[in-house]
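A.B. asks: If you scroll down you'll find the structure; I have some questions about it.
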Amino acid sequence: MRDAVHKALAARRVVVKVGSALLVDGEGRLRRRWLEGLALDLRELAEGGSRPVIVSSGAVAIGRRVLGLDRSVLRLDEKQAAAAVGQIRLAHAWREALAGVGLETAQILITLDDTEARRRYVNARNTFETLLRLGVVPVVNENDTVATTEIRFGDNDRLSARVAVMLAAETLVLLSDVDGLYSADPLRSPHAVHLPVVDHIGPEIEAMAGGSSSRVGTGGMRSKLAAARIATEAGTTVILTAGTGMRPLRALREGARHTLFRARTTPRRARKRWIAASLAPAGRIRVDAGAVAALRAGKSLLPAGVRAVEGQFEKGEAVLVLGPAGEPVAKGIASYDAEDARRIAGRRTEEIAAVLGWRGRDELIHRDDLVLLDETHPNGQGRSHP
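Taking this note's numbering, the leading residue of the sequence shown gets 130, the next gets one more, and so forth.
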């Protein structure tokens, strides 16, 4: 099991979710020494070649103390006000802690709608990609100041899973006040058994979940299992472990108790399968033979190889790629809308900025957002090649 944990923590991308009960004490005060210890752990991840992403709770818990909101249940407007006050303090604390170990950070606030509306999803994903490429550690939180009851994630466990899926992260670590999943609530049942590994989250596993036992947190085991299900189905390994110690990731690496939820596929395969089977094409792009050869060699679709753009589609929507004879070659997610795609069709990459008046992506469809199709599936519902 320790080898599996070491492999997970050495992954290309590791999302770490930090719960309110870890960052903030029962009085709403930030646990700065604990945060400094986690920053050291994150530096070790970065030094090992990983690109860490933080999903952080705590804004509401901090803000309610500042505003003197002592009731256990806040109205939505009070929670939003507390988030607005607490978020600026939380972001400053993360910046100080990470700067102290030589890491640059950035704040990203998102809502559920940002992960479901295609254009906003693509824009958010591109921002993440750029930050990670530049060596910046993104710190993510739900935008509680504008979220409503209808569009809220409700807890940052599920938010962290959505972020992990968005980034095709190989690993999601849920740092909590519990050290894993048990067959029953260990605080209530003396016969509760710890589960070190879960291969599949089915009804029997779901029945083991309880609620949140923390005054400052909103999640519980149910939300953690929901997050693990989202992530593992998309190819992300999930580790649930206690984060109360001063160096929680180092402790995990050294054998701290945890539950590992095995990924059911790889992020790449899950994304390719989703593009191939779940997205209906909104338009068509006809390309030349050179572009077809490049796509089959695993490369992205560049504007230079495009001969025609058909239909109306938005940036972030799926399009069908057709070869010189009209044969279906691939399906992918467009980096430009139809109008801009027509303007840059046939152009070299270095001409894009001059044609559009702004600099977008070099690729019309990036290879990570593209799947090759079997020629026997003309409707674009083909299978991805390995």
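Positions of the beta carbon are idealized from the N, C-alpha and C atoms, including for glycine.
#1: Taking only runs that begin and end inside the segment 425-487, name each unbroken alpha helix (DSSP H) of 4 or more residues, in chain order.
#2: Measuring only the C-alpha atoms, how far is residue 437 from residue 463?
#3: Cα separation between residue 290 and residue 265?
#4: Look up residue 421 in the DSSP assignment and say whether it is helix, strand or coil.
#5: Using DSSP's beta-bridge definition, name the partner residues of residue 389.
#6: Give me whichever residues DSSP pairs with residue 412 in a beta bridge.
#7: Determine the direct distance from the alpha carbon of residue 198 to that of residue 345, and round the result to whole angstroms.
#8: Let me know the secondary structure DSSP gives residue 235 once reduced to three states.
#9: Considering only residues of the same chain and omitting the five flanking positions on each side of residue 226, which have a CB-CB separation below 6 Å?
#10: Out of 220, 182, 170, 184, point me to the one whose CA is closest to residue 192's CA.
#11: Distance check for residue 472 and residue 455, CA to CA, integer angstroms please.
#12: So is residue 427 buried or exposed if we call it buried at 16+ other beta carbons inside 10 Å?
#13: Does the segment 236-243 come close enough to the segment 253-273 to have 3 or more Cβ pairs within less than 8 Å?
#14: Kindly identify the DSSP beta-bridge partner or partners of residue 499.
#15: In whole angstroms, what is the alpha-carbon distance linking residue 404 and residue 201?
#16: Starting from residue 183, follow the beta strand (DSSP E) in both directions and report where the run begins and ends.
#17: With a CB to CB cut of under 7 Å and the five nearest residues on each side skipped, what residues in its chain are close to residue 492?
#18: I'd like to check one pair, residue 318 with residue 337: are the Cβ atoms closer than 8 Å?
#19: Measuring CB atoms only, is the segment 407-425 touching the segment 380-394, in the sense that at least three cross pairs come out at less than 8 Å?
#20: Start and end of the beta strand (DSSP E) containing residue 300?
#21: Mind checking which residues open and close the beta strand (DSSP E) that includes residue 271?
#22: Hey, quick one: how far does the beta strand (DSSP E) through residue 142 stretch, first residue to last?
#23: Within 8 Å, do at least three Cβ pairs link the segment 476-488 to the segment 439-447?
#24: Distance, Cα to Cα, residue 333 vs residue 320?
#25: Looking at C-alpha atoms only, which residue of 418, 461, 148, 182 is the closest neighbour of residue 407?
#26: Could you check the C-alpha separation between residue 354 and residue 314 for me, to the nearest Å?
#27: Among 302, 383, 415, 287, which residue has its Cα nearest to the Cα of residue 367?
#28: How about residue 189 and residue 211: do their beta carbons lie closer than 8 Å?
#29: So what does DSSP say about residue 198, is it helix, strand or coil?
#30: Name the two residues that bound the continuous alpha helix (DSSP H) containing residue 320.
#31: Taking the C-alpha atoms as reference points, what is the distance between residue 176 and residue 230?
#32: For residue 153, which of helix, strand or coil comes out of DSSP?
C.D. replies: Quick answer:
#1: 467-473, 481-485
#2: 14 Å
#3: 20 Å
#4: helix
#5: 326, 368
#6: 448
#7: Note that residue 345 scores 42 on pLDDT, short of 50, meaning its location in the model is unreliable; the coordinates nonetheless yield the value given after this. One C-alpha to the other measures close to 12 Å.
#8: strand
#9: 164, 165, 168
#10: 220
#11: 21 Å
#12: exposed
#13: yes
#14: 461
#15: 44 Å
#16: 180-185
#17: 429, 430, 431, 464
#18: no
#19: no
#20: 300-305
#21: 266-271
#22: 142-147
#23: no
#24: 17 Å
#25: 461
#26: 14 Å
#27: 302
#28: yes
#29: coil
#30: Residue 320 -> no alpha helix (DSSP H), and no H or E assigned at all.
#31: 11 Å
#32: strand
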